[in-house]
Amino acid sequence: MLILSGIAIVVLGFALRINPLPVVALAALATGLAAGHDLVAVIAAFGKAFNDSRFVTIPWLILPVIGLLERYGLQERARQVIGRVRVATPGRLLLVYMILRQVTAALGLTALGGHPQMVRPLIAPMAEGAADEPSEDDKQTIRAYAASADNVGVFFGEDIFVAIGSILLIKGFLEQNGIAVEPLDLSVWAIPTAFVALAVHGARLLLLDRKLRRTP
Amino acid sequence: MIQLGAVYVLAGLIFAAVAVLSAGDRANPRRIRNAAFWGLLALSFLFGDRFGDFGNGLLVLALVGVGGIWGLGIGKPKTTTPEERQRSSTVRGNALFLPALVIPAIALGGSFLLKPYAQPGQATLVSLALGIVVALAIAMLWLRPPLSAPLQEARRLFDSVGWATVLPQMLAALGAIFATSGVGDAVGRLMTSTIPLDSRFAAVAAYTIGMALFTMVMGNAFAAFPVMTAAIGLPLIVHKFGGDPAVMGAIGMLSGFCGTLLTPMAANFNIVPAALLELKDRNAVIKVQAPTALWLLAANTVLMYVLVFRR
């Protein structure tokens, strides 16, 4: 059970709100040592895994473009455009975005969206612009909901697409265990949960409008 | 074959520029730390393949030391004032959206066109980088900012995200260590040996809730799925109680996604947006998502119980 010490470190670190970088590094070292490797080998294994995972950091390269457009008023423009739409509220706007995100993800277009590309430069400022004189706390709440709309939309849309990574992983794992399933059989059973996700988070987005009105 | 190498060089050069600009920013009392942090990251992207595994390990520990223990500051690159932005947004209008939308368009088109020529899974990242370069070129030609502007603006955003920039990559590396050390199997054994699973509903609930919990620990439903399915899904739901493996797999994975909504370990989805949106509470996104995740987990459990045994 010593092998689980890494998990304990991570849980404890996050619970105590210690900076996650040393927590994660410590968890990796503890796990490697518990597996019976010496310190040099563990550091080398972590270094190799970090180097092999560099692709995870690539989406950040979008920041020069987003920053440059912000310099010329991208966020302000997003606010103006939505401020002109009378019926727009933060909740309704985020609901529309979540539906679009879910539908496009279900068609395999998961690249249309994401936090650096869409939420920070466009969706969050639009949602703020749709609010009626939001306070600083209101703005914080609206932005957190904007991030959640993107997450819920993509998570519970993408599995309806037959060629997405998670569907292929399920198919591959079942195949290894002697069970043949078609990707379509899997993606069909992702549809009921997709509707529940839309109903639950959609309702909560609309309730956000009420919550914002109550706190003037 | 198209390789990610060129994209890594581009990333390395951007991080190097951010490091150099940070070093010269006298408004930031911690400018040396910022320069060291972004400089180390630049080294990793430019020369990571030549350092050897142990060298890379020391580099990561140095990054952790500077970014996580020593602590970064926030630089103050020259940018436009709120009034200038307001004026510019009125003058330039909706055309401002265009370069931002070029990126997903090229990323999408490119990942279809490049698929046969790239290593699996790399076409999307190569196309994304291509989209970014094209969008940047369009924006530069149109807006005519000072040449250093995109790098200074990138530094402004990178500094506001700070150490969280490397957290997703660190967690991916931790996941790899967990996998090779057999952490998953240990958790699976622990769960099955401590919970009595003699009814259909208990087996389904243990599987869906186990998927969510284990995903919270690993930060990733993909890592949880093989472990929980081998421990509970296949032996109990499918073999013992005769459930439909397609329903089990599909809804099991989605139960894992409920866990993704709840964990700081899924940094890309929860911690990074909090930094990007400049939220004061780094767990604000998780708190907003928690009720939805719990409702969905309950719904998944009921759905699987109803659908998996339907024949």
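Going down the list, the protein sequences come from chains P and X. The first sequence finishes on residue 220 if you use our numbering, and the numbering steps up by one all the way, no holes. The second sequence finishes on residue 363 if you use our numbering, and the numbering steps up by one all the way, no holes. Heads up, the beta-carbon is just placed ideally off N, CA and C, and yes, glycines get one too. Please read these numbers as outputs of a predicted model, since none were measured by experiment.
- The continuous stretches of alpha helix (DSSP H) do not include Ile289(X), and DSSP gives it neither H nor E.
- Arg83(P) is the residue among Arg83(P), Tyr101(P) and Ser9(P) whose C-alpha sits nearest the C-alpha of Thr142(X).
- DSSP places Leu153(X) in the uninterrupted alpha helix (DSSP H) bounded by Phe149 to Leu166.
- Secondary-structure assignment with DSSP links Ala327(X) through no beta bridge to anything.
- Nearest CB-CB separation between Met305(X) and chain P: below the 8 Å threshold.
- With a threshold of 16 other beta carbon atoms within 10 Å, Leu33(P) meets it and is buried.
- For Leu72(P), the nearest CB of chain X lies under 8 Å from its own CB, placing it at the interface with that chain.
- Ala58(X) carries a helical assignment under DSSP once its states are collapsed to helix, strand and coil.
- The Cβ-Cβ distance between Gln341(X) and Leu359(X) does not fall below 8 Å.
- For chain X, the residues of the segment 170-181 of chain P that bring a beta carbon within less than 7 Å of one of its beta carbons are Ser170, Leu173, Ile174, Phe177, Leu178 and Asn181, in chain order.
- A Cβ-Cβ separation of about 7 Å places Gly162(X) in contact with Ala175(X) under the 8 Å criterion.
- Taken in chain order, the members of the segment 127-144 of chain X whose beta-carbon sits within less than 7 Å of a beta-carbon on chain P are Thr131, Thr132, Arg137, Gln138, Ser140, Ser141 and Arg144.
- Spanning the alpha carbons of Ile158(X) and Val59(X) requires a straight line of approximately 15 Å.
- When DSSP states are grouped into helix, strand and coil, Met317(X) belongs to the coil group.
- In this structure Gly236(X) is in contact with Val279(X), their Cβ atoms being roughly 4 Å apart against a cut-off of 8 Å.
- For Tyr101(P), the uninterrupted alpha helix (DSSP H) run begins and ends at Pro94 to Ala110, by DSSP.
- In this structure Asp142(P) is in contact with Leu216(P), their Cβ atoms being roughly 6 Å apart against a cut-off of 8 Å.
- Cβ neighbours of Gly10(P) within its own chain (closer than 6 Å, five residues either side excluded): Ala31, Ala34 and Thr35.
- Under the three-pair Cβ rule at 8 Å, the segment 329-343 of chain X does not count as touching the segment 284-299 of chain X.
- For Gly119(X), the neighbours in chain P by C-beta distance under 9 Å run, in chain order, Asn23 and Leu25.
- Closer than 8 Å to the CB of Pro151(X) there is at least one CB belonging to chain P.
- A direct Cα-to-Cα measurement between Thr131(X) and Gly157(P) gives close to 34 Å.
- The beta carbon of Tyr169(X) does not come within 8 Å of any beta carbon belonging to chain P, so the residue lies off that interface.
- Rounded to whole angstroms, the Cβ separation of Thr281(X) and Asn352(X) is 15 Å, and the two are not in contact under 8 Å.
- If you look at Asp56(P), you'll find it in the alpha helix (DSSP H) that goes Leu43 to Asp56.
- For the segment 207-227 of chain X, the set of residues with a beta-carbon nearer than 9 Å to any beta-carbon of chain P comprises Arg207, Arg208, Leu209, Phe210, Val213, Trp215, Ala216, Thr217, Val218, Leu219, Pro220, Gln221, Met222, Leu223, Ala224, Ala225, Leu226 and Gly227, in chain order.
- Ala191(X) and Phe106(X) have their C-alpha atoms some 41 Å from each other.
- For Lys143(P), the enclosing alpha helix (DSSP H) covers residues Glu140 to Glu162.
- When DSSP states are grouped into helix, strand and coil, Glu179(P) belongs to the helix group.
- Taking the Cα positions, His205(P) is about 21 Å away from Gly133(P).
- The alpha-carbon separation between Ala12(P) and Gly227(X) amounts to approximately 14 Å.
- The three-state reading of DSSP puts Asp211(X) in helix, counting H, G and I together.
- Among the residues of chain P, those whose CB is under 8 Å from the CB of Ser96(X) are Phe54, Asn55 and Arg58, following chain order.
- Ala276(X) sits in a helix when the DSSP states are folded into three classes.
- For Arg81(P) against Leu148(X), the beta-carbon gap comes to about 5 Å, under 8 Å, which counts as contact.
- With contact defined as three or more Cβ pairs closer than 8 Å, the segment 159-176 of chain P and the segment 122-141 of chain P are not in contact.
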